[in-house]
Every structure is written in C-alpha cells, then in structure tokens.
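Numbers 0 to 568, taken from numbering that gives the first Met the number 0, label the letters of the sequence shown in order.
Below is one structure, written out as structure tokens; comments come after it.
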Amino acid sequence: MASSEDSDANDIATPPCAEEKVIKKTPRRRIRSPIVCLAFSSASAEALDMVVKDIGWQSRDVVYDKSDIFWVSTFDQLLTRLKCVSNKQICSRIPGMYMLCDKCPFSKMMGRGRAVFSSLYDFYPESWLLPDDLRSLGNTCNAEKDFSIIVKPNAGSQGDGIFLVSNYEDLVKRISFAPERELIAQRYIDRPFLLGGLKFDLRIYVLIRSVEPLDVWICHEGLARFCTDKYHAPNARNLSKVTSHLTNYSLNKMSDRFVRSDHPNSDPLQDGEAAGGKDEAEQNVLASKRSISCVFEEISKLGYDTDVLWDQIHEVVERTCILFKPTLCESIYELKARDPGLSRVSYAGGANCFHLLGFDIMLDEKCRPWLLEMNCSPRVGIDDVEVISKADEAEGIKLCKCMEHFKPHVHFISEVDRRVKLQALGGALLLVSEGFKHSKLLSGGLHKDSKNHLELLSHYKQICGEGIDIRNKELSLLQRLHSLYIKVSGCKRKIDSSRLRFLIKELGVPKKDIRSAQLAMDSIYLRARTKKGGLTGFDDFLDILIALCKPLYPAMSTFDALTELARCV
0 MASSEDSDAN
10 DIATPPCAEE
20 KVIKKTPRRR
30 IRSPIVCLAF
40 SSASAEALDM
50 VVKDIGWQSR
60 DVVYDKSDIF
70 WVSTFDQLLT
80 RLKCVSNKQI
90 CSRIPGMYML
100 CDKCPFSKMM
110 GRGRAVFSSL
120 YDFYPESWLL
130 PDDLRSLGNT
140 CNAEKDFSII
150 VKPNAGSQGD
160 GIFLVSNYED
170 LVKRISFAPE
180 RELIAQRYID
190 RPFLLGGLKF
200 DLRIYVLIRS
210 VEPLDVWICH
220 EGLARFCTDK
230 YHAPNARNLS
240 KVTSHLTNYS
250 LNKMSDRFVR
260 SDHPNSDPLQ
270 DGEAAGGKDE
280 AEQNVLASKR
290 SISCVFEEIS
300 KLGYDTDVLW
310 DQIHEVVERT
320 CILFKPTLCE
330 SIYELKARDP
340 GLSRVSYAGG
350 ANCFHLLGFD
360 IMLDEKCRPW
370 LLEMNCSPRV
380 GIDDVEVISK
390 ADEAEGIKLC
400 KCMEHFKPHV
410 HFISEVDRRV
420 KLQALGGALL
430 LVSEGFKHSK
440 LLSGGLHKDS
450 KNHLELLSHY
460 KQICGEGIDI
470 RNKELSLLQR
480 LHSLYIKVSG
490 CKRKIDSSRL
500 RFLIKELGVP
510 KKDIRSAQLA
520 MDSIYLRART
530 KKGGLTGFDD
540 FLDILIALCK
550 PLYPAMSTFD
560 ALTELARCV
C-alpha cells in the first residue's frame, strides 16, 4: 500500500484533463456613456436634461471637468470653457458666431452675397443699414411709392423694438429719437403665405458640426409660429397691430387669442378618432405654435409640393453657410490673436466646437422661402405659460408672476415644444458624437442598432460636407478671395495703406487703371477708418474688391469681375 507521501507525489505529477482546465477571463472594462455638462445652460437645462437622458447619456447640473460636452449659453462662458477643454471635449458654441448673427452684420453679409452672386442670394429681402443707408433708402422710397418697411434693432430679440412704416417721412420721425442707434430696415413681405388667414414663419434648426471643413446638417422637424390676429395688407390703420404682422412667440403668447396645442402628433386633417378626437384635431390645426411636419401636411393638402419646398430651404441654408464661412474663420482667428488662452481652438473652430442655429424663414404667397434672420441662440426650452382664470385661482392653484407674462399664470410642459426639441437636440447631439473622432468615448455615444437613435438621426439631412456636391462656384470664389485676403493682410490680419498698395501690385492692375483703383479703395478705407478705426476684416476687404470691379472691369458682372481678380493672383 502506497504511503501518503507517494500519493501526494503522484497527484502532483499527473497533468489535469482538458475538461478540468479553468481559463480565467479578464473582465471587460465597462465604457461609460458620454456626459453633458448643463451647469451653464440656464433656462435650457430642463429640455437638455430630458434629451440627454432620452438618448441614454448622462448629464451634470454642476461644473464637472471630465464632461465630454459643455453646453454653454453666453459668449463669456464659451471663452472660459475653451481655455480649459482638452482635445477630447467639445463646447456647444462656435466663437465668432455671436457677432455674425447680430442683425446688422448679418444683413451686411447677405447684401454682399446679393452684390457678388446676384440672383443666387435673392432669398434675402432687400435691406438697408441705418443710419448709414438712410439716403439710399430715401431714394428707393421716392422711386417706389407702394411698399412697406419693417425696422429692427441690431441686437434686439423676441420682437423688442420692431416697427413698421409705410413711407420715408414716418421712418425719419421714428428713428430721430435715437439717431445713433444701429437699425436694419427691410423690405416687408406684404403678401405672405397664409393658413386660416394667419401669417406664420418657420424655425428651422441647423447644425454646424464644423466650419473647416464645412459640415452642415438640417433638421426636417421644427416649429411654425403663427400670428394671433388675421392678416391684412399693411396700411395706416393696422401698422401697429403687431399680432397681425409679427410672428414672434414672445409677443403673441400675450394675446387672449393665443391657442395652445397639446397634441402635436395628431394629423389635423384626419377625422376625429384617428387624430385623437374632433376637438383635439381642431385645436391642433388652430394652434398658434405647431410642428413643421404638421404645417407641411396642410400645405401639401393645398396642392403644393413640400419636397420641392424642402429643396429650396436646403439651398437657402447651404448658400448662407457658404457665405459666412470666411467671415467666421477670421472671427475665430481674431479671437485667438487677442487671447493666447484660446490656443487649443482650431483655426475654424471645427475640432472642439459645434453650433445649433435657428434659421427663421417665411413663405410668400407662391410658397417661396425667404430668409428673415439667423438666430445664434434659438430657444430650446419646452415650457409654456397659461393665464389662470379667477375660478382656477380660487381652487388654490399656485400662480407665478414672473416676466414671462404680464398676468398671473402657471408654467407647464408644451407638448409640441417637447416633441420638436427632442428631435432637434437629440439628433444634433448624436451627430456631433458620430463626427467627433478625437474621443473614442464620445464617438461611441451613437448606437446604430438603437431604434431611438436611428429615429432621431432620420430627421436630419446633411447639406454640406464630405461627399456632398455643394455650390462649388460660390465656395470656390470665396475661398480664393479669402486666400488673397490672408496673403495681403499678413499674420496680423491688418490692412493699411501700404497693404492696399501691395494689393494693387498683387492684382497686376494696369498703369492706366491704378489711379481709379486707388480712388475706389481710398473711399472705403477712409470711411472704415472714420467709423471703426480702420479696415477690420475679410468683410471690409471684400468691399474693397467689389469697389475695384467697376473701374477695372466696367463691362463685367460683379461675379465675373471678382473671378477675374482672383485669377490674376
């Protein structure tokens, strides 16, 4: 009989069977979902928190430095965060966009688009900057007696300070109270497309995923905002009736005729049961704020092709983004030059910034889209207010007396806002996640096997970006002119009289035309120096080139002349 020692030795020497082998697997490290910091989102926090949770991400309502996305509300907040972010983090604003979206700079930019590309930019109403263009506007008013003017303050919002006039004399009287105030006067679209006799506009959400390269997406869901009084062509008696002419939600919600809809998904033209009941369907079709999909359904029933309308809106957005790209690049360059702390920001803000814009578009009687303005900070809140009757007040309902309404009211979640903002914001965050290659964590925030994610992405369409055939004629010319500007202005991006002489030499202007070219440039240079202390950027440079076109190429269109100038370099 073997001893216990022999038994132990045999046990050690005997190899285990294959079935008895145990392979220890290293547990996989669980990858967390992306985090969005909402500490700077102010009034938008509730909507953003809802959206972030809906797509399966995390939110933080306090400053959390390890967040993947920082949602900011103001320019100062943006600059503060950009100095701290790593190349694996993103901010929700592009620096420079704030200044660009002010009404006067934006109108001036669109005016250059009309001057250079003619009918390609005729979707923006004819505009004048006041007080600078007051004489030009007076000449137009004298030549055309029958047209109205809408006047807006440069930095105004929510309808503040907007007024209509029907003649030049009334305009001069109205602006004489603040002669130095910057205003924009626009030819009023007096024959708008009406639904139920009401005027409305469309808030289109546009995502700028990067500027260089230009990467633009448009959301096919948005808001239609209606006036609360029937529209009548402007005359001396109704010019001051703002709820008939202005579609701003902030103005119309104060009206007793403002109609709220709690059923944004219902089809207003279906019968009662399918739409959630006859009363609900009627409420939806009469609502003062509706989803674009709902309104386009109504427009389609009237015989208009909404696919064609979307194509036209795409062109409006695409051409506008192409036009502002060089100006935005230079704004970012200028900010970086002034503040060394922004060295992490790429030249065009594309590496760690994105921006969700609001394009305000109105349809005329032929269902043609007109761009009214571009909003830098579109409202993303989902709350609404409702005035409470005395009977409800007696039941003990808690009232609010904030500035949202001049009467005692309550706040509640607007269903149409909730649905639209969920699609616009959720889709935007997922697209930003997909396009951001610097962070595996953030780029993994999009799950293409998720029905929810795919549904949100389905509302967006790319109109500028890799593989997209964009308007090469406009973009190519602007890029060449921008390269010329960089060459002439140097690393300091400054143009003075010596730089202008260098420009004439660079363009190869013939000796016989040098004098007329110098006069054209001096006129703009002196005007800019008097008003702003000098030529301040690409926009002023483009004005100089446009001024050179007439003396150098009098028989050519502005576009052909600029193309010829760019070819000379």
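The C-beta atom is built at its ideal place from N, Cα and C for all residues, glycine as well.
Rounded straight-line distance, which links the Cα of residue j to that of residue i
i: Phe353; j: Glu465; result: 17 Å
i: Leu133; j: Cys140; result: 10 Å
i: Val307; j: Ser126; result: 27 Å
i: Cys548; j: Met555; result: 8 Å
i: Asp10; j: Ile54; result: Interpretation of Asp10 is limited by its pLDDT of 48, a score under 50 that renders its predicted location unreliable; the figure taken from the coordinates is listed afterwards. Computed Cα separation, rounded: 57 Å.
i: Pro550; j: Phe295; result: 48 Å
i: Cys328; j: Phe105; result: 15 Å
i: Leu579; j: Cys90; result: Any question about residue 579 goes unanswered here, given that the chain covers just 0 to 568.
i: Arg190; j: Arg566; result: 43 Å
i: Gln311; j: Ala184; result: 25 Å
i: Lys107; j: Leu398; result: 45 Å
i: Gly221; j: Ile523; result: 41 Å
i: Arg80; j: Asp338; result: 13 Å
i: Asn153; j: Tyr97; result: 12 Å
i: Ile360; j: Ser449; result: 33 Å
i: Val409; j: Arg259; result: 14 Å
i: Gly302; j: Ser290; result: 19 Å
i: Asp638; j: Leu170; result: Only positions 0 to 568 of the chain appear in the structure, and residue 638 is not among them; the question remains open.
i: Ile148; j: Lys240; result: 15 Å
i: Asp617; j: Ala546; result: Since the displayed the chain opens at 0 and closes at 568, residue 617 lies outside it and no answer follows.
i: Arg500; j: Ser117; result: 29 Å
i: Glu505; j: Ser515; result: 16 Å
i: Ile68; j: Pro553; result: 52 Å
i: Leu564; j: Val210; result: 26 Å
i: Cys293; j: Pro33; result: 33 Å
i: Gly489; j: Leu129; result: 32 Å
i: Asn264; j: Lys288; result: The predicted model places Asn264 with a pLDDT of 41, which falls under 50 and marks its position as unreliable; any figure quoted below should be read in that light. Spanning the two alpha carbons is a distance of roughly 13 Å.
i: Val386; j: Leu250; result: 15 Å
i: Arg202; j: Leu356; result: 10 Å
i: Asp539; j: Asp521; result: 12 Å
i: Ser497; j: Ile503; result: 10 Å
i: Cys570; j: Lys486; result: Given that the chain is displayed from residue 0 to residue 568, the structure contains no residue 570 and the question cannot be resolved.
Inter-residue CB distance, residue i and residue j (contact presumed, cutoff 8 Å)
i: Leu541; j: Arg113; result: With a Cβ gap of about 13 Å, Leu541 and Arg113 do not count as contacting.
i: Asn351; j: Gln88; result: 6 Å
i: Tyr484; j: Phe537; result: 5 Å
i: Trp369; j: Pro124; result: 6 Å
i: Ile455; j: Gly426; result: It should be pointed out that residue 455 corresponds to Leu in this sequence rather than to Ile. Contact flag correct, Cβ pair sits at about 4 Å.
i: Val115; j: Leu561; result: 6 Å
i: Ser72; j: Phe122; result: At roughly 30 Å, the Cβ-Cβ gap does not stay under 8 Å, so Ser72 and Phe122 are not in contact.
i: Lys460; j: Ile298; result: With a Cβ gap of about 19 Å, Lys460 and Ile298 do not count as contacting.
i: Leu525; j: Leu480; result: Going by Cβ atoms, the distance from Leu525 to Leu480 rounds to 22 Å, so no, they are not a contact pair.
Cβ shell of residue i (< 7 Å), same chain only, five flanking positions each side left out
i: Phe162; result: Val150 and Arg173
i: Cys463; result: Leu213, Asp214, Val215, Glu317, Cys320 and Ile469
i: Leu518; result: none
i: Ala42; result: Gly380
i: Asp200; result: Arg224, Thr246, Asp359, Ile360, Met361 and Leu371
i: Ser475; result: none
i: Leu445; result: Leu429, Ser432, Glu433 and His452
Other residues of its chain near residue i: CB distance less than 6 Å, five sequence neighbours each side excluded
i: Gly434; result: Arg208
i: Asp416; result: Ile381
i: Glu314; result: none
i: Cys100; result: Met373 and Cys375
i: Gly160; result: Pro152
i: Cys103; result: Leu128, Asn153, Glu181 and Ile183
Neighbourhood of residue i by C-beta distance below 8 Å, restricted to the same chain and skipping five residues each side
i: Val51; result: Val35, Leu37, Gln57, Ser58 and Leu428
i: Tyr167; result: Leu136, Gly137, Cys140 and Asn141
i: Leu341; result: Leu78, Leu81, Lys82, Pro94, Leu334 and Lys335
i: Ile188; result: Pro124, Met361, Asp363 and Trp369
i: Leu47; result: Val35, Leu37, Ser40, Ser58, Trp70, Val379 and Leu424
Of all the alpha helix (DSSP H) runs that stay within the bounds of the region 84–112, which reach a length of 4 or more residues? Counting whole runs of 4 or more residues, the region 84–112 contains the alpha helix (DSSP H) stretches 96–100.
Unbroken alpha helix (DSSP H) runs of length 4 or more, entirely within the region 159–208: which are they? Entirely contained in the region 159–208, the alpha helix (DSSP H) runs reaching 4 residues are, in chain order, 167–174.
Inter-stretch contact at 8 Å, needing at least 3 Cβ pairs: the region 233–243 / the region 319–333: Not touching, per the Cβ criterion.
Does the region 377–384 come close enough to the region 170–186 to have 3 or more Cβ pairs within less than 8 Å? By the Cβ rule, the region 377–384 does not count as touching the region 170–186, because fewer than three pairs are nearer than 8 Å.
Examine the Cβ distances between the region 420–430 and the region 183–198 and report whether three or more of them are shorter than 8 Å. Touching, no.
Taking 8 Å as the threshold, find out whether the region 510–522 comes into contact with the region 471–479 through three or more Cβ pairs. Taking 8 Å as the limit for Cβ pairs, the verdict is that the region 471–479 does not touch the region 510–522.
Contiguous alpha helix (DSSP H) assignments of at least 4 residues, all confined to the region 207–256: Runs of the alpha helix (DSSP H) inside the region 207–256: 241–244 and 248–251.
Cβ contact (3+ pairs, closer than 8 Å) linking the region 243–258 and the region 224–231: Contact between the region 243–258 and the region 224–231 is present, because at least three Cβ pairs lie under 8 Å.
Could I get the ranges of all uninterrupted beta strand (DSSP E) runs contained in the region 327–372, with 3 residues as the minimum, in chain order? Segments of the beta strand (DSSP E) lying fully in the region 327–372: 354–362.
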